[in-house]
Amino acid sequence: MYSHTGRPSIPPERLLKSMILMALYSVRSDRLFCETLDYNILFRWFLDMSLDERSFDHSVFSKNRD
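Be aware that the sequence shown starts at 1, since it is given in UniProt numbering, and climbs by one per residue.
Here it is in structure tokens:
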């Protein structure tokens with residue numbers, strides 16, 4: 001279903017959960033949220049991300065909003 005080349009795609013439910021976290025914790029910046037994913041285990045658990053998985057790029061949010 002997903003491409004094997006290029007940047008891996010992000011499941012839509014993970015993006016929706018990310019937007020919920022941003023609203024609940026008053027994270028106003030997409031870039032700040034993506035940086036927070038590097039060290040916040042609670043956010044990673046809620047998004048079903050493993051500890052060694054790379055956090056996604058901040059531009060994903062703006063592309064998703066369009």
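Beta carbons are placed, not taken as given, at the ideal position from N, Cα and C, and that holds for glycine.
- In the three-state reduction of the DSSP assignment, R14 falls in the helix class.
- Distance from the Cα of R7 is smallest, within the candidate group V60, F46 and N64, for V60.
- In the three-state DSSP reduction, E53 falls in the coil class, being neither helix nor strand.
- Boundaries cannot be given for R7, as no alpha helix (DSSP H) includes it and DSSP labels it neither H nor E.
- Here DSSP, grouped into helix, strand and coil, assigns R44 to helix.
- A distance below 7 Å between beta-carbons, with the five flanking residues on each side excluded, links M22 to the following residues of its chain, in chain order: F33.
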